[in-house]
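Sequential numbering from 20 applies to the sequence shown in the numbering used here.
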Amino acid sequence: MSSLTGKAGLVTGAGSGIGRAGALAFARRGAAVGVLDLDARSAEETATLIAKEGGTAEPIDLDISDEQSVQRAVAHLEETFGGLDFALNNAGIPSTNRELTEMSAEDWDRVLRVNLTGTFLCMKYELPALKRRSGGAVVNTASNGGLYSIPHAPAYVASKHGVVGLSKAAAVDYAPDNIRVNALCPGLTRTATFDTVAALAGADMAGQQAAATPLGRLATPEEIAAAAVWLCSPEASYVTGIALSVDGGRRA
Ligand SMILES: NC(=O)c1ccc[n+]([C@@H]2O[C@H](COP(=O)([O-])OP(=O)(O)OC[C@H]3O[C@@H](n4cnc5c(N)ncnc54)[C@H](O)[C@@H]3O)[C@@H](O)[C@H]2O)c1
Numbered sequence: 020m021s022s023l024t025g026k027a028g029l030v031t032g033a034g035s036g037i038g039r040a041g042a043l044a045f046a047r048r049g050a051a052v053g054v055l056d057l058d059a060r061s062a063e064e065t066a067t068l069i070a071k072e073g074g075t076a077e078p079i080d081l082d083i084s085d086e087q088s089v090q091r092a093v094a095h096l097e098e099t100f101g102g103l104d105f106a107l108n109n110a111g112i113p114s115t116n117r118e119l120t121e122m123s124a125e126d127w128d129r130v131l132r133v134n135l136t137g138t139f140l141c142m143k144y145e146l147p148a149l150k151r152r153s154g155g156a157v158v159n160t161a162s163n164g165g166l167y168s169i170p171h172a173p174a175y176v177a178s179k180h181g182v183v184g185l186s187k188a189a190a191v192d193y194a195p196d197n198i199r200v201n202a203l204c205p206g207l208t209r210t211a212t213f214d215t216v217a218a219l220a221g222a223d224m225a226g227q228q229a230a231a232t233p234l235g236r237l238a239t240p241e242e243i244a245a246a247a248v249w250l251c252s253p254e255a256s257y258v259t260g261i262a263l264s265v266d267g268g269r270r271a
């Protein structure tokens with residue numbers, strides 16, 4: 020894959036899991052990376068890991084569900100790096116494992132606010148920045164739960180279907196500006212979120228899910244991050260508006 024030296028971008032949810040792996044992967048290709056997370060300390064840890072490898076990173080704590088916080092972060096990075104070429108909008112939260120009728124409206128709002136509205140807010144401020152560079156690429160982390168249902172996760176499934184739809188809408192609207200927008204749909208990946216969901220499920224979720232996956236195992240965060248980097252790279256220059264499953268064959 021070609022180098023991203025001279026390019027700059029950002030990753031949300033970069034303090035952990037897929038986001039941290041993504042930030043490291045972009046930096047290893049030579050890009051300067053904004054490392055954004057709700058948890059300031061974990062964002063700083065990721066930035067330190069990048070700096071130790073000789074890369075360029077700017078840690079910022081932000082809440083993607085807060086418009087001012089997103090606006091500030093994007094403006095700061097655009098100024099610091101002299102422009103933005105890509106964004107991996109990856110921060111997201113799982114929903115409590117509940118059936119729809121047992122779910123509170125507050126829980127519903129919380130999941131939709133972060134996963135869907137948060138992704139919208141990020142794009143609202145990133146797209147003008149990419150336009151000022153005469154083009155760029157956005158990847159929004161959805162989920163296989165954005166393509167089909169996951170039992171007892173109605174808010175999560177609805178929010179991730181929303182992320183896929185939002186990505187397609189933006190792909191069509193911003194293609195004339197030379198901006199590509201794609202959704203990334205990971206299958207189950209070993210991260211902190213997975214561990215939380217597995218603990219709630221109570222059974223040997225990792226084992227059961229691995230057995231149900233044609234490749235016989237869960238993904239690593241690095242395997243998902245590699246697809247995000249490809250989608251932002253020149254090699255994917257004709258790819259826009261897709262929802263890319265990276266799921267060990269699960270969807271097949
Ligand atoms: N792990 C999986 O199996 C899996 C599968 C499909 C999709 N995904 C999606 O991948 C993305 C990353 O998940 P992960 O498993 O790496 O999770 P993770 O919990 O390891 O990391 C998520 C990060 O997002 C941050 N975050 C949460 N809310 C935020 C907010 N409001 N603003 C800014 N940052 C916030 C957290 O602090 C955390 O560092 C999520 O969107 C998730 O829905 C994960």
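Don't be surprised by glycine CBs; every beta carbon is placed ideally from N, CA and C.
What is the rounded straight-line gap between the Cα of residue i and the Cα of residue j?
i    : j    : result
S35  : P195 : 34 Å
D85  : A94  : 15 Å
T232 : A46  : 31 Å
A59  : A222 : 32 Å
I37  : C204 : 12 Å
E97  : A148 : 7 Å
E118 : W127 : 11 Å
A161 : Y167 : 11 Å
P240 : T67  : 18 Å
Q227 : G268 : 15 Å
T259 : A106 : 14 Å
D214 : A225 : 9 Å
Y257 : S153 : 16 Å
L234 : R39  : 24 Å
H180 : K71  : 37 Å
A244 : T208 : 11 Å
S252 : K143 : 22 Å
Q87  : T212 : 26 Å
Taking a contact to mean a Cβ-Cβ separation below 8 Å, would you say residue i touches residue j in this structure?
i    : j    : result
A238 : V265 : yes
V89  : I112 : no
R48  : L23  : yes
N108 : V52  : no
S178 : N116 : no
A110 : I83  : yes
N159 : T138 : yes
A44  : K26  : no
L55  : T31  : yes
A262 : A202 : yes
T65  : A33  : yes
V182 : G165 : yes
L146 : I69  : no
S21  : E254 : yes
N163 : R270 : yes
Taking 7 Å as the cut-off, is the C-beta of residue i nearer than that to any heavy atom in ligand 1?
i    : result
V211 : Inspection of the sequence shows that residue 211 is occupied by Ala rather than by Val. For ligand 1, at least one heavy atom lies less than 7 Å from the Cβ of A211.
V133 : yes
G36  : yes
D56  : yes
P205 : yes
N109 : yes
T160 : yes
T136 : no
I83  : yes
T67  : no
F173 : The sequence as given places Pro at residue 173; Phe does not occur at that position. False, no ligand heavy atom lies under 7 Å from that Cβ.
T115 : no
G226 : no
T31  : yes
S14  : The chain is shown from 20 up to 271; residue 14 falls before or after that span and cannot be answered.
P240 : yes
Cutting at 7 Å between CB atoms, please list the residues of its own chain near residue i, excluding the five before and the five after it.
i    : result
T151 : Before going further, note that residue 151 is Arg rather than Thr in the sequence given. Excluding positions up to five away in sequence, the list reads G102.
A62  : A33, G34, V54, L55, D56, P78, I79, D80
G73  : none
C141 : T31, I83, V89, A106, N108
Y193 : L146, V200
R132 : S84
Looking only at its own chain, which residues have a Cβ that is under 6 Å from the Cβ of residue i, when we skip the five neighbours before and after it?
i    : result
L57  : D82
S114 : V130, A172, A174, Y175
I169 : V176
So, at 8 Å on beta carbons, what are the nonlocal neighbours of residue i in its own chain, with the 5 sequence-adjacent residues on each side left out?
i    : result
G206 : N163, T232, L237, A238, S264, V265, D266, G267, R269, R270
T210 : S35, G36, I37, P240
**Prompt:** Counting pairs of beta carbons, one from the segment 173 to 188 and one from the segment 235 to 255, are three or more of them closer than 8 Å?
**Reply:** no
- Query: If you pair each beta-carbon of the segment 98 to 105 with each one of the segment 119 to 139, do three or more pairs fall below 8 Å?
  - Reply: no
* Does the count of Cβ pairs from the segment 217 to 227 and the segment 172 to 181 closer than 8 Å reach three? -> no
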